[in-house]
Every structure is written in C-alpha cells, then in structure tokens.
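Structure first, then comments.
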Amino acid sequence: MMQLFTETKRITLVNTPSSRANSTSWLTNCPDDAQRFPRLAEALTRQNSQFAKFWQTQSTPERTLAFVGSIRRNLSLADEATERRNMAKSRLVNRVVWGLGLTVAVATTAAAQTAPKALTARLSDFVEMPLTGHDARSQPARINFLVEEPGQNRLFVSDSSGPLYILDKKTHQPVVYLDFDGSGNGKGLFPRFIADFSFASGLLGFTFDPDYARNGIFYTLHLEDVASTAPAGLKGGVMAGLDTSKYTPTKGVFTPSGPAAITREAVLVEWTDKNIKDTKFEGTAREILRVQLLNGIHPTDDVTFNPTARRGDADWRVLYVSTGDGGTGELTDVRRLNPQRLDHFGGKIIRIVPDLKEHVANSEVSENGQYRIPRDNPFFATPGARKEIWAYGMRNPHRMTWDVESPRQANLLAFVIGANGGNPVRYETIDIIKRGANYGYPLREGPEFRAESPIYGPLAADKTLPLRISDTVVMNDRVPMQDSALAYKTSVEGNAIAGGFVYRGKKWPALQSCVVFGDITSGRIFYAKVADLVSATDGDPTTLAPYTEIKTDLPQIAAERAKIRVAALPPAAAPPTATPPAAGTPAAPPSAAAAAFRAARSFPPRTDMRLATDSDGEIYVMTKSDGVIRRIESIQ
C-alpha cells in the first residue's frame, strides 16, 4: 500500500471499486489531465491507491470534477516536471483533499496554529515629502508606493498627485524624476491625468522590469479622465530627454457599465531610460494597455513581476496586473456579476508579456498589438473569455506581493479590500493567487457567504459556481471557490487592508518568514506566518491564518504631524471650496473652506498608511495623512 506523508503525520488510504469508477470517469473526460499527471492517473486506477478511501466514502462525479479543478488551480504550467514531483508530495495532495471539505487527513491546519507573539515597534522619521495634491486638499503628500531600484542605493517613491520621485537612501532628498500631472495648468506629462478626491486615482503604481539593470525598463499605472477634452497621450516639450514618437494611445479594453457611462481609464505605460545612473529621464515611453473603468473606485491598481523567474522560465518578464471591480459587486443590477464575468478585467488579476520580443513561441499578440498573451493562461482557449485573465472573483485586489521562499513555487499574494460594513460581516483578506482560481466575490467574502441575491440566485449545495463568460453566457462547467488565507473584519479591526510584503531580511528576526501588512485607515500594522497562510488554503473558508498586531504610535504621531503641516499652509493653499471631512458631514460654505479643512485634520483622521521594505531589511511606513515616510527603528 502506498503511503503519503504530510509535514507531521502519515495517512494511508485504501482503494475501492467506487473510487475506480469515478477516477475512470475523470480519465475518460479529461484526457489532457491524464497525460499531464501520469502518476496521479496511475494512482487513481491502481489497486491499493492512496486516494481510495476518499473515493469510497465521499466520491461523486461532482466531487471528482472539483478534485480535478483543485489540482489544476494548485499547479502551475510553468514547469511540468516540477508539477509531477509536487503531485507526489503530500502537502499538495493533502491540500486538495481538504479542499473538498473532507477529514481524511490528519495534518495540522492553520486553525490549530498559534498566533505570533505580540510586538511593539518604534518609528522614526525618514523623510518628510514635499507638499503635493491639489493644494494639499486631502493629504499633504499622497505617497503611495515605495520600491527599491534594482542594483542601486536609491528608492523610487510615487505620489498619487503625479510626481514619481527618486529618493537617495543616504541624503534622504527626493528628486522629481517624472511628473504625470499635465491636466489643466499642470506641468506634467499627461493632459488627461486625474487625481481627484477619490481614494484611488492619479499615479496608481509602478514596477521595475526584471532586467532593468540592463535594459532600463520600468512600468507605471495612472488614471485618466474620459470626459476631458484634452488629447490622450503625452504632452510634447515637457521633458527635453523624452522621445514621444513611439507613444500611441490604445483603445480601452471593454468594461460592462450597464446604464452608467465609463468615466475613467487606467493606462499602463512602458518607460525605457537610456541612463539609469542619474536622476533625469532620457528615453522613450510606450502605451501597453488602456482599461475602461466605471469610476475611480477600485481601479487598475498594481503591477508586479515574479522575482524568482529567470531567463528561459515561463514567467520571465511576464507581468501581473490587478484590477478592482469598480464597486459593481455591491450594486443591485446585473453589474453585480462583473467580478464573476470572464469577458473583462474587473475584479481580476491578468497576466501578460509587455515585450513583444519575449515568449514569441508560446504566446500570441494582443488585440491592440502592444503586448503578448501567454498560451498557458488558464482561459486562453475559453470561448468569449479574456485570454489575459489569471485569477478572478475579487472585489479590489489593490496590492500584490510575492513569497519567494521556494523559488520554483513562488506564491503571489493579493491584498483584497472588502466591502463596507454590513450584514453579514465584511472582511479584508489576503489571498494566495492560484492559476485560474475563482475567489467567489460577490457571493463570498472571507469565510462567509453573502446573502442570496435576485441577480445570482441561491448558492449551489456543493458551493460551486458556474463558469460565467458574460451576464447572459454561462458555460456548463462549475468551479469551486478558492478560499482566502487570512481575513479580518471590516469596521472591527480596520476598514481597508493595506499592502504588505513577506519579510526575508535579517534586521528583524522576529518577522522572518512572515507577512507584514496593515490597515490603511486606522494605521494599524499586523503580521502573520507565511506557513500559516499556506496551510489555511485548505478548501475550508473558515480556516484562516492567525495574525498579531505590531503596536506603534503611528495614528497619533501622524495626526499631530498632519495638523502641524496643514496649519503652516498659507491661506491660498486651502481648497477653494470646503472638502467634506467625513461621510455624512455637510460641506462648509466657501468662506469657511480653510477652517473646515483644518478642522478635518483633528484626531483621529484617516491615517492612509502604506508599507514597504528593501534589500537591507529596512521597513518603511508611509502615511498620506501627514506626507511622511518613517522607518522602523526597533521591535520588541
């Protein structure tokens, strides 16, 4: 009898005729799977197979399909030799079996793990960023991303209002590298650029090409106003070293908007700098992709490359892009289905090859001719589906990061902002992104299922969902929902999960192999063990990784600094009309604009916190509320 080992225990299962019947059905109906996973095929049909007890007690055709679906989601096409080895490993098989809601394994799950110990961190100022925004009306400086430049001793910092800075680690002096805001009287690059008062607008995100040290390429995301009468594209004459001849605006990728009009477009741009040693951009820009958006809520937010991929790998220089649902998952019309639809990008993570010269043999050129689509994307051959989609069914996967402990099995993590508070409870989540996986939104959020809706009807007894192409086209296939790895309650622990990272530095041993994340609005910082997140993706949505707060005085010190910076503004810096300090609070009359703005800074404001790390193991804490970047100085 074959024996299968988990990390801690051994499980032994016995074959039966009923198991062979359903496994034979799988082999007959899914010949491609049988060829891809010969060891599994052999195990399912051989006497004394380790899968037999499961099939004897729990097997049905539906469960067989769910079982196969779990296998497909848990394996990557990037390295089939590695896949087959992994199929023989108990951790994956145990995850698949648990994913069917069974109790045939005795491996320890995340529910039995203990939360990491409580920590306290002390922060110190790293740099106070320049005042930006439209006269600093919402935050003194809308610092959004901090990324270490590959191979250099510099940080790149983006401000939602338009500037992309280079920040020297030693001098702590920010220098404007690019300015995106060319709207109105703006002196920046894009005349349709919009950085309004919504929580996600302006300069959204950026990332460096894996080969940046040699090719000088990086990518940015920004938001444009469709209603603007200004021309799309780049302004000429703004930067002496910028060659605009290769920049051509592309057609926006369709987003179903129902009765509403498309008001925004997210734009992905490739930049090539000829000299990455100085602080001046000299080179070219090329528009890769333009995505239609209903509004500035939950737009196309983040871009990232697999940091473990090497030249020749299937993931080398392949870009992952996350897009929110535009708030449609909470509507009461057919647009509520948008996160489940495969004919557009909302509520999805897509996977593309920006460089047309890469992966030529195993990809095809996109509709707009500006990028390639890998053939190993899960819906590449699905009629009517966008071939770019990698994973779907999320509300707002606004930040992504990688766990690179196992280079050949790097995990992509998405930080998903949940719905506003309500009944049932809403959740902020961290999802481990798997190929082709459906994360269930709007039918499920975190561990809880949402109430039945006339739009999508009751949930099936087996908790599977139809493979939905559009609001009217549904495939015969049914797919299970992928569970979240970690969740906390919206309006209880916080209101919106911030991004984070997996800490692999040496400076703070207590955080080694942990996911460090936070809450945007409250400014609270948390951490959890990566191993617990992996264990929690067992198919049971109620199994969640435990986490613990890293206590700081960030909310208080950010609030005090915000009041000081705002009070120092000259009268002309106040907004021309009052900014509503909070939902439900009436706007002050124009004559009281400055007073209303300053009153809005009284504690406790929205902290608007973001987190980042670098190769030295330093941890940076950014707050829009006061426009300051801080660094952790001690952890106890």
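Sequential numbering of the sequence shown, starting at 1, is according to full-length UniProt numbering. The beta-carbon is built from N, C-alpha and C at its ideal position, and this holds for glycine as well.
Can you find the residues in the same chain that come closer than 8 Å, C-beta to C-beta, to residue i, ignoring five residues on each side of it along the sequence?
i    : result
R336 : T328, G329, E330, P442, S453, I455 and Y456
T548 : A115, P116, K117, A118, L119, F526, Y527 and A528
P307 : P210, W402, V404 and A410
P374 : A314, V318, R351, I352, V353, H359, N362, S363 and F380
Is residue i buried or exposed, if buried means 16 or more other CB atoms sit within 10 Å of its CB?
i    : result
H398 : buried
S322 : buried
A600 : In this prediction, A600 scores a pLDDT of 43, lower than 50, which makes its location untrustworthy; the coordinate-derived value is nonetheless stated afterwards. Buried, since its Cβ has 16 or more Cβ neighbours within 10 Å.
A261 : exposed
P116 : buried
F254 : exposed
Q292 : buried
G237 : exposed
H298 : buried
G499 : buried
K246 : exposed
T284 : buried
K551 : exposed
Q556 : exposed
G369 : exposed
N153 : exposed
V365 : exposed
S158 : buried
T171 : exposed
Quick check on residue i: does DSSP put it in helix, strand or coil?
i           : result
N295        : coil
D532        : helix
E330        : helix
Y371        : coil
K348        : strand
residue 639 : The structure shown does not extend to residue 639, since the chain is modelled only from 1 to 636, so the question has no answer here.
L289        : strand
L131        : coil
E428        : strand
E560        : helix
N144        : strand
Y212        : helix
N495        : coil
V360        : helix
R122        : strand
A309        : coil
Just how far apart, CA to CA, sit residue i and residue j?
i    : j    : result
I619 : I432 : 22 Å
G241 : A528 : 45 Å
T300 : K507 : 33 Å
I194 : R264 : 9 Å
R561 : V303 : 31 Å
E282 : M475 : 49 Å
L234 : A451 : 46 Å
R290 : S160 : 18 Å
P256 : E367 : 18 Å
G440 : I417 : 14 Å
V515 : N185 : 42 Å
V360 : L413 : 28 Å
Q173 : D471 : 51 Å
F517 : R565 : 27 Å
S522 : A558 : 11 Å
F379 : V473 : 15 Å
N420 : I352 : 31 Å
S625 : L131 : 11 Å
G584 : I389 : With a pLDDT of 34 at G584, under the threshold of 50, the modelled position of that residue is not reliable, and no figure is offered here.
A567 : M129 : 16 Å
Apart from the five residues on each side of it in sequence, which residues of its chain come closer than 6 Å, Cβ to Cβ, to residue i?
i    : result
D444 : Before going on, a small fix: residue 444 reads as Arg here, not Asp. Excluding residues within five positions, the ones whose Cβ falls inside 6 Å are M481.
R122 : E633 and S634
T207 : Y219, V303 and T304
A391 : I349, I433 and A437
D79  : Legend: pLDDT at D79 = 40, less than 50; position of this residue unreliable, value from coordinates given subsequently. Same-chain partners within the cutoff: there are none.
G216 : T272, D273 and I276
G252 : E265, R290 and Q292
P150 : F208, Y212 and A213
Give every residue of the same chain whose Cβ lies closer than 7 Å to the Cβ of residue i, excluding the five residues on either side of it in the sequence, and list them in chain order.
i    : result
W98  : Note that W98 scores 34 on pLDDT, short of 50, meaning its location in the model is unreliable and no value can be drawn from it.
A510 : L119 and I635
V175 : Y165, I166 and T279
If you measure from the beta carbon of residue i to each beta carbon in chain B, is any gap under 8 Å?
i    : result
G505 : Among the chains in the structure shown there is no chain B, since it carries only a single protein chain.
Stretch-stretch touch, CB-based, cutoff 8 Å, three pairs: the stretch 608-623 with the stretch 472-487: no
At least three beta-carbon pairs within less than 8 Å, the stretch 378-398 to the stretch 460-476: yes
The stretch 267-275 / the stretch 308-315 touching (three or more Cβ pairs under 8 Å): no
Sufficient close CB pairs (3 or more, under 8 Å) joining the stretch 408-428 to the stretch 494-513: yes
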